[in-house]
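J.: Handing you a structure now.
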Amino acid sequence: MVTSGTQYKDKVSQLISWGHWFSFFNIIAAMLLGTRYIIHSEWPETILGQLYLVLSWVGHFGFLVFAIYILILFPASFIIPSQRVMRFFGVLIATVGFTALLLDTHAYQTVDLHLSPLVWDLLLSGEKTDLNTCWQYLFVVVPVSFLFELVISETIWRKLRKLSRKRVGGPIALIFGLSFLSSHLLYIWADANLYHPITMQRSNFPLSYPMTAKSFMEKHGLLDRQEYKKRQEKQGVDESDQIRYPIEKLNYSDQGTNQNILFIMIDGLRSDMVNAETMPYLSRFAQNNLDYTNHYSTGNNNRNGIFGLFYGLPGSYSNSMQLAKKQPILLNTLADRGYNFGLFSGDDFNSPIYQDLLFTPQEIDASTTAKERSEKPSDHLAITEWEQWLTKETDKPWFSYIELTAVQDFEEGGSYVAKFSPSIGSKLKHNQNVDSTLLLRNSYRNAAFHVDQQLEKILTQLKEKELLNNTIVIITANHGTEFNETGSNTWGADTNFSQYQIKVPLIIHWPEHSAQQISRITSHLDIVPTIMESVLHVASTPSNYSSGVSLFESDPSRRWVLAGDDKNIVVVRQNNTTVVDKYGNYRVYDPNYQLKEEGKPKLSTLMQVMHELKRFYQPNNN
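Sequential numbering of the sequence shown, starting at 1454, is according to our numbering.
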């Protein structure tokens, strides 16, 4: 019994020693393969960023491989009786791990994502994509990896005593341990100080979750959360990728039609408000003009919706545009053609996107009747100033933008009578039996009804001045407004990507086009190409400056449109909506935005979307 126990201890001791050295050589192999991540990622410009890269490269792959040893091979050393079987088992585990790492590097280089449910679906799908072509060479790589691991395993076993005598295991373990610990401590500091050369490396390596300590630091007075958020917002712009917009210089056929253009943007107006009861005038106007009934904004908030409207690009490009200080091609071309600009807003362009990206303060001030006004900004004042501006217009063509904010503000009272009750502004609101959702919805509808009257006032002015025959009028919204129709306790905007928050009206008066209701799916991305082609006569293809297509191009192959923000990719199709986060995790929803448990996205579509979201960046940044 004593002899048997001693033999067991010796056997386990040998296997543990073998496992340590087997892990070490696999760490080296993993680090070498991990250089593919470093080559594909942006190189840190500072010495400290480069130091972190080396420390995280050594520490992270050392931790990954050793964690597999501790969790699998170390316990197995006590369970598997045969040393030969145990070593073979170790070779199998190492081969599987090496293959998974190889697949991950391929995914990272192809779609900038690590292995995730989405990436696995792309790999296993039968669709032909750049990603799943790797199966062809895996048939060669896997056997080679297996033989490589087998050679390492047998070589270590035969030279185990010689390796054990070197007594270098401790120093090696110390190097990997200190690298791992130092990299995490450096990241804690970098995260608190928003040090981009380090924080940009957060997702370079697979299963990388660097430590942060903001809550701890805030609790002990070492971090001001409000000041941190302000710096974080600024950094989001300052450290964006370099943009190329347009991709190639644009060419024009001629000087264009010189038609006037009027954008009317109704903040927060959802598509189903355009009906005979809530907005009777706009409903009649839609019947007599071009009515796009299946139209989507590029986002569920003001910044992304407005950005898509003026740039014809997804909102994920907005920070890079702001960094590059590039105004929309549309506005630049209009200015080059001598268009006069008239810009008016119910809240004095309070949203930062207007002065950050679209208009200069001088352009905004030039449109108003006075720089200093005693009257509070409102839709009524904006329209009054627009009317005064219109009377001073010369024979030059003009571009005008009117932002109406009453709907988003649920504005009631004042000079108009509320049509729908009970509402927030009515006397019945204090009745305990009144549903609060009904109060909100009716206040929203009252505001929409009021805006409808304002729209009639604007368009009547154009008729009376005989301008409608030479003016293109585009009426739309930046995003919608939800009243918890999805049953997920989501209200207003910027909370999900349901149709209630991103489906908006698009009604266009275009003198050369007769009335038509268009039910095919369209997007804010399409408005810029439409004007560029049909008014400004650009000869270059829309793909040079936009992610959309002309609204007059009836493309039967188009099955989806793109929305989202800097954290989520949203693909809207007729029967579902797919939301993909920046880590590659996806969720598929039905038309009512209910999660489809077994829902799978169309993978080739997602590959196209990912390509579109990188297309306008400089190639060396991808």
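For glycine and all other residues, C-beta sits at the position ideal for the given N, C-alpha and C.
In this text, all values refer to a predicted model and were calculated from it rather than measured experimentally.
(1) With a 10 Å radius around its C-beta and 16 neighbouring C-beta atoms as the bar for buried, classify T1488 as buried or exposed.
(2) Counting pairs of beta carbons, one from the stretch 1912-1922 and one from the stretch 1705-1712, are three or more of them closer than 8 Å?
(3) What is the DSSP secondary structure of W1839, counted as helix, strand or coil?
(4) Among F1633, Y1764 and V1544, which one has its Cα closest to the Cα of L1811?
(5) Answer yes if the stretch 1514-1529 comes into contact with the stretch 1626-1643, meaning at least three C-beta pairs across the two stretches below 8 Å, and no otherwise.
(6) Which residues in the same chain as M1539 place their Cβ atom closer than 7 Å to its Cβ, once the five residues preceding and following it in sequence are excluded?
(7) I want to know whether the stretch 1944-1958 touches the stretch 1738-1753 - three or more CB-CB distances under 8 Å.
(8) In chain order, what residues of the same chain lie with their CB nearer than 8 Å to the CB of Y1505, ignoring the 5 residues before and after it?
(9) Would you tell me roughly how many angstroms separate the C-alpha atoms of D1691 and Q1815, rounded to the nearest one?
(10) Given V1926, which residues of its chain have a CB within under 6 Å of its CB, disregarding the five upstream and five downstream residues?
(11) Compute the Euclidean distance between the alpha carbons of H1932 and R1723, then round it to the nearest angstrom.
(12) Where in the stretch 1950-1988 do unbroken runs of the beta strand (DSSP E), each at least 3 residues long, occur, reported from the N-terminal end onward?
(13) Which value, in whole angstroms, describes the spacing of the CA atoms of E1840 and S1972?
(14) In or out: H1473 buried (at least 16 other Cβ within 10 Å) or exposed?
(15) So, does the stretch 1476-1496 touch the stretch 1545-1561, judging by three or more C-beta pairs under 8 Å?
(16) Tell me whether H1673 sits in a helix, a strand or coil according to DSSP, three-state version.
(17) Restricting to Cα atoms, I'd like to know which of K2035, S1999, L1743 and Y2039 is closest to L1703.
(18) Give the list of continuous beta strand (DSSP E) stretches no shorter than 3 residues that lie fully inside the stretch 1721-1747.
(19) Is the stretch 1836-1850 close to the stretch 1789-1799, with three or more CB pairs under 8 Å?
(20) For A1992, count neighbouring Cβ atoms within 10 angstroms of its own Cβ and tell me buried if that reaches 16, exposed if not.
(21) My understanding is that H1748 touches L1908, with C-beta atoms under 8 Å, so please give their C-beta distance in whole angstroms.
(22) Which residue comes first and which comes last in the beta strand (DSSP E) that contains F1852?
(23) For G2017, report the span of its beta strand (DSSP E) as first-last.
(24) When the distance is taken between beta carbons, is V2032 closer than 7 Å to V2025?
(25) Give the straight-line distance between the Cα atoms of A1823 and N1803, rounded to the nearest whole angstrom.
(26) Excluding the 5 residues preceding and the 5 following A1901 in the sequence, name in chain order all residues of the same chain whose CB lies nearer than 7 Å to its CB.
(27) Three-state secondary structure (DSSP) at R1678?
(28) Mind checking whether I2105 and I1717 have CB atoms under 7 Å apart?
(29) Could you check the C-alpha separation between E1986 and P2054 for me, to the nearest Å?
(30) Which of the three DSSP states is assigned to E2065 in this structure?
(31) So, is P2072 buried or exposed, given that buried needs 16 or more other C-beta atoms within 10 angstroms?
(32) Can you tell me where the alpha helix (DSSP H) holding F2092 begins and where it ends?
(33) From this set, N2045, L1892, L1891 and L1893, which residue's C-alpha is nearest S2131's C-alpha?
(34) To the nearest angstrom, how far is it from the Cα of L1921 to the Cα of W2013?
(35) Considering only C-alpha positions, which residue in the set Y1953, N1657, I1806 and V1564 is nearest to L2066?
(36) Which residues in the same chain have their Cβ closer than 6 Å to the Cβ of R1898, if we skip the five residues on either side of it in sequence?
T.: So, from the listed chains and residues:
(1) Within the sequence shown, numbered from 1, the residue matching residue 1488 stands at position 35. Under this definition T1488 is an exposed residue.
(2) Between the stretch 1912-1922 and the stretch 1705-1712 there are fewer than three C-beta pairs closer than 8 Å, too few to call the two in contact.
(3) Stepping through the sequence shown from its first residue, residue 1839 is reached at position 386. Note: W1839 maps to helix in three-state DSSP.
(4) Your numbering for residue 1811 matches position 358 in the sequence shown. For L1811, the closest of F1633, Y1764 and V1544 by C-alpha to C-alpha distance is Y1764.
(5) Yes, since at least three Cβ pairs between the stretch 1626-1643 and the stretch 1514-1529 fall closer than 8 Å, the two stretches touch.
(6) Against the sequence shown, residue 1539 aligns to sequence position 86. Annotation for M1539: L1468, A1529, S1530 and I1533 place their beta carbon closer than 7 Å to its own, counting only its chain and skipping 5 residues before and after.
(7) Yes, the stretch 1944-1958 is in contact with the stretch 1738-1753.
(8) Residue numbering aside, residue 1505 sits at position 52 when the sequence shown is read from its first letter. Closer than 8 Å at the Cβ level, and outside the excluded window around Y1505, lie P1497, S1636, L1639, Y1640, A1643, P1650, I1651 and Q1654.
(9) Along the sequence shown, read from residue 1 onward, the residue named residue 1691 stands at position 238. Along the sequence shown, read from residue 1 onward, the residue named residue 1815 stands at position 362. For D1691, the predicted structure reports a pLDDT of 46, less than 50, and the residue's modelled location is therefore unreliable. The matter cannot be settled from this model.
(10) Locating residue 1926 in the sequence shown gives position 473, counting from the first residue. So the qualifying residues of the chain are L1715 and H1962.
(11) Counted from its first residue, the sequence shown places residue 1932 at position 479. Counted from its first residue, the sequence shown places residue 1723 at position 270. Roughly 7 Å between the two C-alpha positions.
(12) Fully enclosed beta strand (DSSP E) runs of 3 or longer: 1959-1962 and 1969-1971.
(13) Indexing the sequence shown from 1 puts residue 1840 at position 387. Indexing the sequence shown from 1 puts residue 1972 at position 519. Cα-Cα distance, rounded: 34 Å.
(14) Along the sequence shown, one-based indexing puts residue 1473 at 20. If you draw a 10 Å sphere on the C-beta of H1473, you find 16 or more other C-beta atoms in it, and that means buried.
(15) The stretch 1476-1496, when compared against the stretch 1545-1561, does touch it at the 8 Å Cβ threshold.
(16) Along the sequence shown, one-based indexing puts residue 1673 at 220. Per DSSP, reduced to three states, the secondary structure at H1673 is coil, with no helix or strand assignment.
(17) For the purposes of this step, residue 1703 is taken as the residue at position 250 of the sequence shown. Nearest neighbour of L1703 by Cα position, chosen from K2035, S1999, L1743 and Y2039, turns out to be S1999.
(18) Residue ranges of uninterrupted beta strand (DSSP E) with 3 or more members, entirely inside the stretch 1721-1747 and ordered along the chain, are 1743-1745.
(19) Yes: the two stretches touch, three or more of their Cβ pairs being nearer than 8 Å.
(20) As a working mapping, residue 1992 is identified with position 539 in the sequence shown. Exposed, by the Cβ-count rule.
(21) Here residue 1748 corresponds to residue number 295 of the sequence shown, with the count starting at 1. Here residue 1908 corresponds to residue number 455 of the sequence shown, with the count starting at 1. Not quite, the Cβ-Cβ distance comes to about 17 Å (not below 8 Å), so this is no contact.
(22) Here the question's residue 1852 lines up with position 399 in the sequence shown. W1851 to L1857 is the span of the beta strand (DSSP E), which, as asked, contains F1852.
(23) Here residue 2017 refers to the residue found at position 564 when the sequence shown is read from its first residue. DSSP places G2017 inside the beta strand (DSSP E), whose first and last residues are W2013 to G2017.
(24) Here residue 2025 is taken as the residue at index 572 of the sequence shown, counted from 1. Here residue 2032 is taken as the residue at index 579 of the sequence shown, counted from 1. No, they are not a contact pair.
(25) The residue labelled residue 1823 in the question sits at position 370 within the sequence shown. The residue labelled residue 1803 in the question sits at position 350 within the sequence shown. Its pLDDT being 47, under 50, A1823 is placed unreliably in this model, and the coordinates cannot settle the point.
(26) Walking along the sequence shown from the start, residue 1901 turns up at place 448. The beta carbon of A1901 lies closer than 7 Å to those of L1722, M1726, T1731, M1732 and V1860 in the same chain, with the five residues before and after it left out.
(27) Along the sequence shown, one-based indexing puts residue 1678 at 225. Look at R1678 here: in three-state DSSP terms it is helix.
(28) This structure cannot speak to residue 2105, because the chain is shown only from 1454 to 2075.
(29) Sequence index remark: in the sequence shown, residue 1986 carries index 533 (1-based). Sequence index remark: in the sequence shown, residue 2054 carries index 601 (1-based). The straight-line gap from Cα to Cα measures roughly 33 Å.
(30) Within the sequence shown, the letter at position 612 stands for residue 2065. In this structure, E2065 counts as helix in the three-state DSSP scheme.
(31) What you label residue 2072 is simply residue 619 of the sequence shown in a count that begins at 1. P2072 should be labelled exposed.
(32) In the structure as shown, the chain begins at 1454 and stops at 2075. Residue 2092 is therefore absent and cannot be evaluated.
(33) What the structure shows of the chain is the stretch from 1454 to 2075, and residue 2131 is not part of that stretch, so it cannot be assessed.
(34) Taking the sequence shown and counting its residues from 1, one reaches residue 1921 at position 468. Taking the sequence shown and counting its residues from 1, one reaches residue 2013 at position 560. Rounded to the nearest angstrom, the two C-alpha atoms are 33 Å apart.
(35) To locate residue 2066, count along the sequence shown from 1; it is residue 613. Nearest C-alpha to L2066 among Y1953, N1657, I1806 and V1564: V1564.
(36) What you label residue 1898 is simply residue 445 of the sequence shown in a count that begins at 1. Same-chain partners within the cutoff: T1731 and F1873.
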